[in-house]
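>
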Ligand code: G1P
């Protein structure tokens, strides 16, 4: 498998006015745009063909993964190889492709826009709001399970019951493997009392191409949008036709950049872990925090 699809057509209204003229995917997490972490994760798992599903005002995304001749020439003339390397990192990362979503009809609709590019092979979907720590394994494991089980795979994270309404929730059954569950049902953003479990779908999927046909037949669901969760629910139930759905349970570090408070936490955590910034930041943070009365 070589293809990854990254839906990036969202308007990012939670970050206005920062996202008025700039895609939310370009918000810096320390010194890299959030989207670069996600592309790096795909490439790290061997998925070097990346299709981004974009929309209006998303030109900065294409520019970020392209060459920037003037800047490169200036850095070269200065002999600043360290910065030049940083510039090249995103250019040389992956074989990037772009398609526009047009109407913002939901995540399922965005994934459907990838059909022509993906064709008839399994592929991964990575949502830009979630950053998985590069030191923890998730996508690679999902690719292994996809091949082994010839099914579609979602990433699951156990969340607090009061958080489940923010996610797709999965009904699950144990398999012989403690890290893998069989998904028997899915609900998009259920109320706490309606949630089948506290297993939340985080933004990583490895899907069989049968999902495209299912999505074409999926009517608008929650929020009037075509939901990937609804298509997966159909696939979880119709095991014969589509191979079923399994969940890989993730217990590693995940950062949510889709919400303001979580975004701030992500920046602090990732910076505190860095060799260049970490020691000073941690030092300053402990003093700063000690200043709070409660
Ligand atoms: C989407 C999916 C949801 C999933 C979530 C993970 O929701 O619809 O099922 O749990 O991503 O981040 P969104 O956060 O885009 O509203």
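Residue numbers (the working numbering): 50 to 343. Beta carbons are placed, not taken as given, at the ideal position from N, Cα and C, and that holds for glycine. Small disclaimer: the values here were computed from a predicted structure and weren't measured.
1. Please determine whether the Cβ atom of residue 100 lies at a distance below 7 Å from any heavy atom of the ligand G1P.
2. Less than 8 Å between the beta carbons of residue 188 and residue 231, yes or no?
3. With residue 53 and residue 175 assumed to form a contact (beta carbons below 8 Å), what rounded beta-carbon distance in angstroms separates them?
4. Please report the straight-line C-alpha distance between residue 305 and residue 183, rounded to a whole angstrom.
5. Between residue 178 and the ligand G1P, is the CB less than 7 Å from at least one heavy atom?
6. Rounded to a whole number of angstroms, what is the C-alpha to C-alpha distance between residue 190 and residue 297?
7. Exposed or buried, what is residue 339 when buried is set at 16 or more other beta-carbons lying within 10 Å of its beta-carbon?
8. Which residue or residues does DSSP assign as beta-bridge partners of residue 181?
9. Below 8 Å between beta carbons: does that hold for residue 50 and residue 125?
10. Looking at the structure shown, is residue 147 part of a helix, part of a strand, or coil, going by DSSP?
11. Excluding the 5 residues preceding and the 5 following residue 275 in the sequence, name in chain order all residues of the same chain whose CB lies nearer than 7 Å to its CB.
12. Using a threshold of 7 Å, is the CB atom of residue 251 nearer than that to any non-hydrogen atom of the ligand G1P?
13. For the region 52–126, which segments carrying the alpha helix (DSSP H) assignment without a break, of at least 4 residues, lie completely within its bounds, in sequence order?
14. What residue range does the alpha helix (DSSP H) around residue 259 cover?
15. For residue 86, is the beta carbon positioned less than 7 Å from some heavy atom of the ligand G1P?
16. Taking the alpha-carbon of residue 243 as reference, which of 160, 300 and 211 has the nearest alpha-carbon?
17. According to the neighbour-count rule (16 or more other Cβ atoms, all chains shown, within 10 Å of its Cβ), is residue 299 buried or exposed?
18. Is residue 256 a contact residue of the ligand G1P, with contact defined as CB to any heavy atom under 7 Å?
19. Would you mind stating whether residue 321 and residue 310 have Cβ atoms separated by less than 8 Å?
20. Using a 10 Å radius around the Cβ and a threshold of 16 neighbouring Cβ atoms, would you call residue 131 buried or exposed?
21. Flag this pair as touching only if the region 287–297 and the region 211–229 have three or more C-beta atom pairs under 8 Å; answer yes or no.
22. Could you give the uninterrupted runs of the beta strand (DSSP E) lying entirely in the region 190–250, keeping only those of 3 residues or more?
23. Can you list, in chain order, the residues of its chain whose CB lies under 7 Å from that of residue 271, leaving out five sequence neighbours each side?
24. Locate the beta strand (DSSP E) running through residue 296, then write down its first and last residues.
25. Can you tell me where the alpha helix (DSSP H) with residue 280 in it begins and where it stops?
26. How long is the line joining the alpha carbons of residue 104 and residue 77, rounded to whole angstroms?
This is what the structure gives:
1. As a first step, residue 100 must be located in the chain shown, where it is residue number 51. No, since every heavy atom of the ligand G1P falls outside the 7 Å radius drawn around the Cβ of residue 100.
2. Along the chain shown, read from residue 1 onward, the residue named residue 188 stands at position 139. Along the chain shown, read from residue 1 onward, the residue named residue 231 stands at position 182. Their beta carbons are not under 8 Å apart, which means residue 188 does not touch residue 231 by this criterion.
3. Counted from its first residue, the chain shown places residue 53 at position 4. Counted from its first residue, the chain shown places residue 175 at position 126. Going by Cβ atoms, the distance from residue 53 to residue 175 rounds to 6 Å, so yes, they are a contact pair.
4. Here residue 305 refers to the residue found at position 256 of the chain shown. Here residue 183 refers to the residue found at position 134 of the chain shown. Those two C-alpha atoms are separated by around 14 Å.
5. In the chain shown, the residue the question calls residue 178 occupies position 129. At least one heavy atom of the ligand G1P is nearer than 7 Å to the Cβ of residue 178, so yes.
6. Within the chain shown, residue 190 is the residue found at index 141, counting from 1. Within the chain shown, residue 297 is the residue found at index 248, counting from 1. So the two alpha carbons sit approximately 8 Å from each other.
7. Taking the chain shown and counting its residues from 1, one reaches residue 339 at position 290. Exposed.
8. The residue given as residue 181 occupies position 132 in the chain shown. Answer is 303, bridged to residue 181.
9. For the purposes of this step, residue 50 is taken as the residue at position 1 of the chain shown. For the purposes of this step, residue 125 is taken as the residue at position 76 of the chain shown. Not in contact: residue 50 and residue 125 (Cβ atoms no closer than 8 Å).
10. As a first step, residue 147 is located in the chain shown; it is residue number 98 there, counting from the start. Strand, per DSSP.
11. Sequence index remark: in the chain shown, residue 275 carries index 226 (1-based). Answer for residue 275: 154, 155, 157, 158, 264, 267 and 269, listed in chain order.
12. Translated into positions along the chain shown, residue 251 becomes position 202. Answer for residue 251: yes, Cβ within range of the ligand G1P.
13. 83–93 and 108–113
14. Residue 259 sits at position 210 when you count from the first residue of the chain shown. From DSSP, the alpha helix (DSSP H) with residue 259 extends over 259–265.
15. As a first step, residue 86 is located in the chain shown; it is residue number 37 there, counting from the start. No, Cβ of residue 86 sits at least 7 Å from all heavy atoms of the ligand G1P.
16. The count along the chain shown starts at 1 and reaches residue 243 at position 194. For the residues 160, 300 and 211, the minimum Cα distance to residue 243 belongs to 211.
17. Within the chain shown, the letter at position 250 stands for residue 299. So residue 299 counts as buried.
18. Taking the chain shown and counting its residues from 1, the one referred to as residue 256 is at position 207. Not so, every heavy atom of the ligand G1P lies at least 7 Å from the Cβ.
19. For the purposes of this step, residue 321 is identified with residue 272 of the chain shown, where counting begins at 1. For the purposes of this step, residue 310 is identified with residue 261 of the chain shown, where counting begins at 1. Contact flag unset, no.
20. On the chain shown, position 82 is the one that residue 131 refers to. Residue 131 should be labelled exposed.
21. yes
22. 201–207, 217–223 and 229–237
23. As a working mapping, residue 271 is identified with position 222 in the chain shown. Closer than 7 Å at the Cβ level, and outside the excluded window around residue 271, lie 237 and 238.
24. The sequence position of residue 296 within the chain shown is 247, counting from 1. Counting along the chain, the beta strand (DSSP E) containing residue 296 begins and ends at 294–298.
25. Residue mapping note: residue 280 aligns to position 231 of the chain shown, counting from 1. That run of the alpha helix (DSSP H) goes 277–286.
26. Indexing the chain shown from 1 puts residue 104 at position 55. Indexing the chain shown from 1 puts residue 77 at position 28. One C-alpha to the other measures close to 20 Å.
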